[in-house]
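According to my numbering, the sequence shown is numbered sequentially starting from 6. Structure first, then comments.
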Amino acid sequence: MPRRFTEDTLVVASHNPGKVREIAALLAPFGLARVVAAGDLGLPEPEETGSTFVANADLKARAAATASGHPALADDSGLEVAALDGAPGIYSARWAGPGKDFAVAMERVRTALGDAPDRAANFICALCLAWPDGHTETFEGTVFGDLVWPPRGDKGFGYDPIFRPTGHAITFAEMDPAAKHAMSHRAAAFNQLVAACFGVSR
Numbered sequence: 006m007p008r009r010f011t012e013d014t015l016v017v018a019s020h021n022p023g024k025v026r027e028i029a030a031l032l033a034p035f036g037l038a039r040v041v042a043a044g045d046l047g048l049p050e051p052e053e054t055g056s057t058f059v060a061n062a063d064l065k066a067r068a069a070a071t072a073s074g075h076p077a078l079a080d081d082s083g084l085e086v087a088a089l090d091g092a093p094g095i096y097s098a099r100w101a102g103p104g105k106d107f108a109v110a111m112e113r114v115r116t117a118l119g120d121a122p123d124r125a126a127n128f129i130c131a132l133c134l135a136w137p138d139g140h141t142e143t144f145e146g147t148v149f150g151d152l153v154w155p156p157r158g159d160k161g162f163g164y165d166p167i168f169r170p171t172g173h174a175i176t177f178a179e180m181d182p183a184a185k186h187a188m189s190h191r192a193a194a195f196n197q198l199v200a201a202c203f204g205v206s207r
């Protein structure tokens, strides 16, 4: 049986403000007394040495839980492009360079694709909830779509301006945040998390 979350403080093990905002919004209905970002606690960012999204989420969650003494939730997510054999994948953030400039990352994707006709892509998200005693629960979600150029919209972050989910005419960055939250890869993983650890089906 998955372990239930019963504490009143949760650390979001991320230094990405956009990701922290999305996770905080998804956590809002659960009335946690305190949701705090790892960056606000001054926790260091561990090196992401895992070979999968799940492995990287696990190591980030464990590091934050150990350092803070509170349960920690980590997300590792990225863009997988079919014509690029799944790249940038776990290296999605690194494609943005040391300055984390996703305009650079999106241009790198466009250049790598060149004239390839296949623009299919998906976002994938792995979530790991870790407790200070070392116990973890992990979940994974995916959303499929295709890539568009030029980038469109200013509501999202990361690769959102070039990702158009299947069945929609607009990109994630053009969507109202609530609409994105209802269908995103992060939401898919989060729905599994809350059902297992918060006892709520969404």
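All C-beta atoms in this analysis are idealised placements derived from N, C-alpha and C, irrespective of residue type, glycine included.
Sub-9 Å separation of residue 191 and residue 135 beta-carbons: Against a cut-off of 9 Å, the Cβ pair of residue 135 and residue 191 comes out as no contact.
Residue 144 - DSSP class collapsed to helix/strand/coil: Residue 144 carries a strand assignment under DSSP once its states are collapsed to helix, strand and coil.
Where residue 82 sits in the DSSP three-state scheme: Three-state DSSP puts residue 82 in a strand.
Exposed unless 16 or more other CB atoms sit within 10 angstroms - verdict on residue 13: Of the other Cβ atoms in all chains shown, fewer than 16 fall within 10 Å of the Cβ of residue 13; this residue is therefore exposed.
Segment limits, beta strand (DSSP E) that includes residue 127: Here the beta strand (DSSP E) through residue 127 covers 125–135.
Reference residue 47, options 29, 73 and 108, closest by Cα: Selected option, being the one with the closest Cα: 73.
Those runs of the alpha helix (DSSP H) which lie wholly inside the region 167–201 and span at least 4 residues: Segments of the alpha helix (DSSP H) lying fully in the region 167–201: 182–188 and 190–198.
Which residues DSSP lists as bridging residue 149, in chain order: According to the DSSP secondary-structure assignment, residue 149 is paired through a beta bridge with 127.
Where residue 66 sits in the DSSP three-state scheme: Looking at residue 66 - three-state DSSP - the assignment turns out to be helix.
Where the beta strand (DSSP E) through residue 14 begins and ends: It spans 14–17 - the beta strand (DSSP E) in which residue 14 sits, taken as one unbroken run.
Separation of residue 160 from residue 26, as counted between CA atoms: Their backbone Cα atoms lie some 12 Å apart in a straight line.
Simplified DSSP assignment, three categories, for residue 98: It is coil, neither helix nor strand.
Identity of the residues DSSP links to residue 59 by a beta bridge: In the DSSP assignment, no residue is bridged to residue 59.
Distance, residue 107 Cα to residue 197 Cα: Distance between the alpha carbons of residue 197 and residue 107 is about 28 Å.
Whole-angstrom C-beta distance between residue 189 and residue 148, which should lie under 8 Å: Right, their Cβ atoms sit about 6 Å apart.
Residue 187 to residue 131 span [Cα, whole Å]: If I take the Cα positions, the gap works out to 17 Å.
CA-to-CA distance, residue 174 to residue 118, given in whole angstroms: Looking at the backbone, the Cα of residue 118 and that of residue 174 are separated by about 21 Å.
Residue closest to residue 126, alpha-carbon to alpha-carbon, out of 165, 100, 64 and 139: Of 165, 100, 64 and 139, the residue nearest in Cα terms is 165.
CB contact flag (residue 124, residue 88, <9 Å): Yes, the Cβ-Cβ distance between residue 124 and residue 88 is below 9 Å.
Bridge-paired residues (DSSP) for residue 39: When DSSP reads this structure, residue 39 sits in a beta bridge with 14.
Outcome for residue 33 when other beta-carbon atoms lying within 10 angstroms are tallied against a minimum of 16: Here residue 33 is exposed: its Cβ has fewer than 16 other Cβ atoms, across all protein chains shown, within 10 Å.
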